[in-house]
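Numbering (the numbering used here), first residue to last: 157 to 292.
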Ligand code: ZN
């Protein structure tokens, strides 16, 4: 897939403001955007570190994916997102290689990126997100 870099690391947190305060005050990063992604039932805060973002994810509903994740595993790293080109082709190729996909076609993620997830069963236990910034 030749990802150019890690686009972001998604971290499930139970309280967005508490988590932001840690990343800002202890690590010295700056939160530049907070976005509600209603479809995913999360509130997301973004901080930049080099070319990589930290994406803090707070559930807005216990039935959402982050709500369920925190109930099962507690707070922590939820997924790692790689920046790729031609995301549709990458998904087709991965599926041909026997990789289990969560999304067989890209969908809209936060910040207008096209995103798709690979199933942790095929990735040694890590939820991997592919994302592509399409210039429109
Ligand atoms: Zn993500």
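Here a beta-carbon is modelled for each residue, glycine too, at the ideal position from N, C-alpha and C. On a predicted model such as this, the values are computed, not experimentally measured, just so you know.
From the listed residues 160, 230 and 163, the smallest Cα separation to residue 215 is found for 230.
Beyond the five residues adjoining it in sequence on each side, residue 258 comes within less than 6 Å, by CB distance, of 273 and 275 in the same chain, given in chain order. Between the C-alpha atoms of residue 233 and residue 247 there is a straight-line separation of about 23 Å. Under a 10 Å Cβ-count criterion, residue 268 is classified as exposed, with fewer than 16 other Cβ atoms of the shown protein chains found around its own Cβ. If you draw a straight line from the Cα of residue 217 to the Cα of residue 265, it is about 18 Å long. Going by C-alpha positions, residue 207 is about 8 Å away from residue 162. For residue 189, the enclosing beta strand (DSSP E) stretches over residues 187-193. Distances between the C-beta of residue 268 and the heavy atoms of the ligand ZN are all 7 Å or more. Taking every protein chain shown into account, the CB of residue 183 has fewer than 16 other CB atoms within 10 angstroms, so this residue is exposed. With 16 or more other Cβ atoms inside 10 Å of its own Cβ, residue 211 counts as buried. Shown here, residue 215 sits in a strand according to DSSP, grouped into three states. Comparing C-alpha distances from residue 177 to each of 193, 202, 194 and 158 shows the shortest one belongs to 202.
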